[in-house]
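Note that the sequence shown covers residues 37 to 553 in my numbering. Using N, Cα and C, we set each Cβ at its ideal position, and we do this for glycine too.
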Amino acid sequence: MKLQSYLQNTWVEGTGEGRALVNPVTGAEIARADATGLDVKAAVAFARETGGAALRSISFAERGALLKAMAEVLGANRDRYVEIAQRNSGNTGVDASIDIDGGIGTLKYYAFLAKSLGDAKTMLEDGRDQLGREPVFVAQHLWTTRPGVAVQINAFNFPSWGMWEKVAVAMLAGVPSIAKPATATALLSYEMVRDVAQAKVLPEGALSLICGGGEALLEAVGPMDSIAFTGSAATGQMISRHDAVIASGCRVTIEADSVNATILGEDAAPGTPVFDLAVREVVKALSVKAGQLCTNIRRIFVPAAHADAFGEAVASKLGTLVVGDPADEATRVGPLINAAQKTEALEKIAKLATECSVVGEAPLGDVAAQSGFVAPTLLRCTDPAGAKLVHEIEVFGPVATMLPYNDLDQAMALASKAEGSLALSLFSNDPAVQDAVILGLAPWHGRVLVVDEEVGKNHTGHAIVMPQCTHGGPGRAGGGEELGGLRGLRFHMQRTAVQGGPALLERLQSSARLGGL
Ligand code: NAP
């Protein structure tokens, strides 16, 4: 099977051999993807002109109805998608749900937000500024939709959520999307877009898909377009420094990898509920999606006095984890998405081993030699203050490292050594610790989760991205921002200071939604 691309409202096939998509359990090829020879420039122009014009001509509420219609089409096919996620991504049922239901849920959330925006197509910020002596010359800030296309390049670990979280925001803003899933797991994105296209719920050109290489997209963008990239820091930097991208003047946002951390406060001693909550969360980090989440916990800062107990508690749970074929109901942890990812993960673990020892790992049993399997592993850094690699290397798999600390200041200083991350969590009941960590480490992170006894198990998890909250992180994490409710629309809209008379601004206000982004 060769995956086609959906360009100019038509399914087209590349002329090259393409790259293989495999079943990570067996290593067997299940499809190929290739975009060689496709007229990407014409497709970008079609999306920009035809899809963009159609979306800009309808209101926020009507765009929300499109999002709802897509969510319904996808929801009706959910079970088929779970089977595909298992076959191409090695997902267990839980893993598949995070990706598939997460994607559908995000579309529904933005459809819900759209209702509150009503019939407007623009937004006018609250508050007018008088610019002259007399109140006849004033200014107000207007948000309008950029007449461009949203190029969306995604990572392999979320072929559903990664695509729909970007499409949802762009479509509500009135901008057409060209989605480019990572080749290794593109089958799910392909089947989902195929179902949406077949259902004919969208205007022509509102959604396009490129399966295979995406290099031509970088040459095709213009000043009103945008590129939203999710993936490794190396590819992200290549894209943001690409000559054609820079020359185009398009907007670029990068969601890259990061070495996220969790901190246990000194009050999180063995036997306390927060200690147990932290153990639970770390075991999740070492099992859900086989650790292939960009927001996952990679470093665990534990008070030195509690480090042995924490290591033992996590290791004993790791010992009971069933790693295997996700088709087997008993399996809790599936494989990485292919043999290449396994090799990369093992190489990085070997590098970390120069600074760490193994505290515990899950038994691999029969699957040890099979394509993508890596044992969920807890490491312990032997010299947290002197170590370097543990703050730099992201093992994109079920691996995390414990770093014992002496006092909170040291833990916070070490946490920031990752040079900017997507997510931080703290397990502590102590208000002083909570405040110090938030104020000290918020600038280094896009999101901070604080778990105390009151929050208990009622939180969505360290790694889970909620559409209400911004997703992204500073520094190494790429400096981008996605989602965050209506905040996400900023990327696709232009804020313009309109200067003129009060009557002009009254007219603009009559057709705009009052309140900024
Ligand atoms: P990757 O190798 O950087 O690839 C990401 C995407 O870029 C893929 O779709 C890839 O396409 C595409 N790409 C590569 N070269 C390109 C080029 N010259 N022009 C246009 N597109 C190009 O990353 P990955 O291995 O898929 O994903 C794993 C990494 O993503 C991890 O490090 C993880 O931390 C990070 N991640 C970050 C987030 C976040 O939100 N911050 C979320 C998920 C994952 P092909 O697949 O066709 O090569």
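Next item on the list: If I'm right that TYR451 touches LEU460 with Cβ under 8 Å, what's the distance once you round it to whole angstroms?
Entry: Translated into positions along the sequence shown, residue 451 becomes position 415. Translated into positions along the sequence shown, residue 460 becomes position 424. The displayed chain sequence assigns Ala, not Tyr, to residue 451. ALA451 to LEU460, Cβ: 7 Å. Contact.
Item checked: Cβ neighbours of PHE194 in the same chain (closer than 6 Å, five flanking residues each side left out) -> Within the sequence shown, numbered from 1, the residue matching residue 194 stands at position 158. Closer than 6 Å at the Cβ level, and outside the excluded window around PHE194, lie ASP135.
Check: What residue from ARG99, GLY141, PRO239, LEU153 has the CA that sits closest to GLN44's CA?
Finding: As a working mapping, residue 44 is identified with position 8 in the sequence shown. If you compare the alpha carbons of ARG99, GLY141, PRO239, LEU153 with that of GLN44, the shortest gap goes to PRO239.
Notebook entry, point to check: Which residue spans inside the segment 352-435 form an unbroken beta strand (DSSP E) run of at least 3?
Noted result: Here the runs fully enclosed are 392-397, 413-417.
Check: Roughly how many angstroms separate the alpha carbons of GLY52 and GLU348, rounded to a whole number?
Finding: As a working note, residue 52 is residue 16 in the sequence shown. As a working note, residue 348 is residue 312 in the sequence shown. A straight line joining the alpha-carbon of GLY52 with that of GLU348 spans about 52 Å.
Notebook entry, point to check: How about LYS453: is its Cβ closer than 7 Å to a heavy atom in the ligand NAP?
Noted result: Here the question's residue 453 lines up with position 417 in the sequence shown. Look at LYS453: its beta carbon is at least 7 Å from all of the heavy atoms in the ligand NAP.
Check: By DSSP, does ASP137 sit in helix, in strand, or in coil?
Finding: Within the sequence shown, numbered from 1, the residue matching residue 137 stands at position 101. DSSP, reduced to helix, strand and coil, places ASP137 within a helical segment of the structure shown.
Note to self: Could you check whether GLU201 and THR142 sit closer than 8 Å to each other, using their CB atoms as the reference points?
What the structure shows: Translated into positions along the sequence shown, residue 142 becomes position 106. Translated into positions along the sequence shown, residue 201 becomes position 165. Yes, the Cβ-Cβ distance between THR142 and GLU201 is below 8 Å.
Checklist line | Close beta carbons around CYS392, own chain, < 7 Å, minus the five adjacent residues each side | finding: As a first step, residue 392 must be located in the sequence shown, where it is residue number 356. Cβ neighbours of CYS392 beyond the five flanking positions: LEU415, ARG416, CYS417, THR418, VAL426, THR437.
Checklist line | Per-residue DSSP class, three states only, for ALA345 | finding: To locate residue 345, count along the sequence shown from 1; it is residue 309. Helix.
Checklist line | Buried versus exposed call for GLY524 [16 or more other C-beta atoms within 10 Å across all chains shown] | finding: Within the sequence shown, numbered from 1, the residue matching residue 524 stands at position 488. By the neighbour-count rule (16 or more Cβ atoms within 10 Å), GLY524 is buried.
Checklist line | Helix, strand or coil at PHE337 according to DSSP, with G and I counted as helix | finding: Position 301 of the sequence shown, counting from 1, holds the residue named residue 337. PHE337: strand per DSSP, three-state reduction.
Checklist line | Collapsed DSSP secondary structure at MET6 in the structure displayed | finding: Residue 6 falls outside the range modelled here, since the chain spans only 37 to 553, and no answer is possible.
Notebook entry, point to check: When the Cα of ALA340 is compared with those of ALA351, PRO306, THR532, ALA56, which residue comes out closest?
Noted result: The residue labelled residue 340 in the question sits at position 304 within the sequence shown. Residue PRO306 is the option with its Cα nearest to ALA340.
Note to self: Comparing C-alpha positions only, which one of ARG316, VAL229, GLY285, GLU98 sits nearest to LEU357?
What the structure shows: The count along the sequence shown starts at 1 and reaches residue 357 at position 321. LEU357 has its Cα closest to that of ARG316, out of ARG316, VAL229, GLY285, GLU98.
Next item on the list: Flag this pair as touching only if the segment 392-410 and the segment 289-298 have three or more C-beta atom pairs under 8 Å; answer yes or no.
Entry: Between the segment 392-410 and the segment 289-298, the count of C-beta pairs closer than 8 Å stays below three; the two stretches do not touch.
Checklist line | Reference PHE409; option with closest CA among VAL487, GLY126, ILE120 | finding: Within the sequence shown, the letter at position 373 stands for residue 409. It is GLY126 whose Cα lies nearest to the Cα of PHE409.
Margin query: What does the Cβ neighbour count give for ILE120, buried or exposed, with the cut at 16 atoms within 10 Å?
Written below: Within the sequence shown, the letter at position 84 stands for residue 120. Buried, by the Cβ-count rule.
Checklist line | Per DSSP, the bridge partner or partners of GLN535 | finding: Along the sequence shown, one-based indexing puts residue 535 at 499. Note: GLN535 sits in a beta bridge opposite ALA175.
Note to self: Assuming the contact rule is C-beta atoms closer than 8 Å, PHE337 and LEU439 should be a hit. Round their C-beta distance to whole Å, please.
What the structure shows: To locate residue 337, count along the sequence shown from 1; it is residue 301. To locate residue 439, count along the sequence shown from 1; it is residue 403. That pair is a contact at about 5 Å.
Margin query: Under 7 Å: does the beta carbon of ALA22 sit that close to some heavy atom of the ligand NAP?
Written below: Coverage of the chain is limited to positions 37 through 553, which leaves residue 22 absent and any answer about it impossible.
Item checked: Whole-angstrom distance between MET502 and ALA97, CA atom to CA atom -> On the sequence shown, residue 97 is found 61 positions in, with the first residue counted as 1. On the sequence shown, residue 502 is found 466 positions in, with the first residue counted as 1. Rounded to the nearest angstrom, the two C-alpha atoms are 22 Å apart.
Next item on the list: For LEU167, I'd like the list of residues in its chain whose CB is within less than 8 Å of its CB, leaving aside the five on either flank, ordered along the chain.
Entry: Here the question's residue 167 lines up with position 131 in the sequence shown. Taking LEU167 as the centre and dropping the five residues before and after it, the same chain places the C-beta of PHE173, VAL174, ALA175, GLN535 closer than 8 Å to its C-beta, in chain order.
Note to self: Just to confirm my understanding: we take PRO259, look at its own chain, exclude 5 residues before and 5 after, and list those with CB closer than 7 Å. What are they?
What the structure shows: Within the sequence shown, the letter at position 223 stands for residue 259. Taken in chain order, the residues that qualify are SER284, GLY285, CYS286.
Next item on the list: Please go through the same chain and pick out, in chain order, the residues whose beta-carbon is closer than 8 Å to the beta-carbon of SER352, but skip the five residues on each side of it.
Entry: Taking the first residue of the sequence shown as position 1, residue 352 is located at position 316. Cβ within range, chain order: GLY396.
Checklist line | Segment contact flag, the segment 79-86 with the segment 106-113, C-beta cutoff 8 Å, min 3 pairs | finding: The segment 79-86, when compared against the segment 106-113, does not touch it at the 8 Å Cβ threshold.
Next item on the list: May I ask whether a heavy atom of the ligand NAP can be found less than 7 Å away from the beta carbon of PHE527?
Entry: Position 491 of the sequence shown, counting from 1, holds the residue named residue 527. No, since every heavy atom of the ligand NAP falls outside the 7 Å radius drawn around the Cβ of PHE527.
Checklist line | GLN234 (DSSP reduced to helix, strand or coil) | finding: For the purposes of this step, residue 234 is identified with residue 198 of the sequence shown, where counting begins at 1. The answer is helix: DSSP assigns GLN234 an H, G or I state.
Item checked: Burial state of SER24, where buried means 16 or more other Cβ atoms lie within 10 Å -> The question about residue 24 has no answer, for the chain in this structure spans 37 to 553.
Margin query: Assess contact between the segment 231-247 and the segment 89-96, defined as three or more Cβ pairs (one per stretch) separated by less than 8 Å. Is contact present?
Written below: Flag = yes, the segment 231-247 and the segment 89-96 touch.
Next item on the list: Reducing DSSP to helix, strand and coil, say where THR298 ends up.
Entry: Taking the first residue of the sequence shown as 1, we reach residue 298 at position 262. DSSP places THR298 in strand when its eight states are reduced to three.
Next item on the list: Kindly indicate the opening and closing residues of the alpha helix (DSSP H) around GLN98.
Entry: Here residue 98 is taken as the residue at index 62 of the sequence shown, counted from 1. Contrary to the premise, residue 98 reads as Glu rather than Gln in this sequence. From DSSP, the alpha helix (DSSP H) with GLU98 extends over 96-112.
Next item on the list: Consult DSSP for LYS38 and reduce its assignment to one of helix, strand or coil.
Entry: The sequence position of residue 38 within the sequence shown is 2, counting from 1. Look at LYS38 here: in three-state DSSP terms it is strand.
Item checked: Where the alpha helix (DSSP H) through THR128 begins and ends -> As a first step, residue 128 is located in the sequence shown; it is residue number 92 there, counting from the start. Here THR128 belongs to no alpha helix (DSSP H), and DSSP marks it neither H nor E.
Notebook entry, point to check: How about ILE385: is its Cβ closer than 7 Å to a heavy atom in the ligand NAP?
Noted result: Your numbering for residue 385 matches position 349 in the sequence shown. It does not: the Cβ of ILE385 is nowhere closer than 7 Å to a heavy atom of the ligand NAP.
Next item on the list: Return yes when the C-beta of PRO399 is under 7 Å from any heavy atom of the ligand NAP, and no when it is not.
Entry: Numbered from 1 along the sequence shown, position 363 holds the residue referred to as residue 399. Not so, every heavy atom of the ligand NAP lies at least 7 Å from the Cβ.
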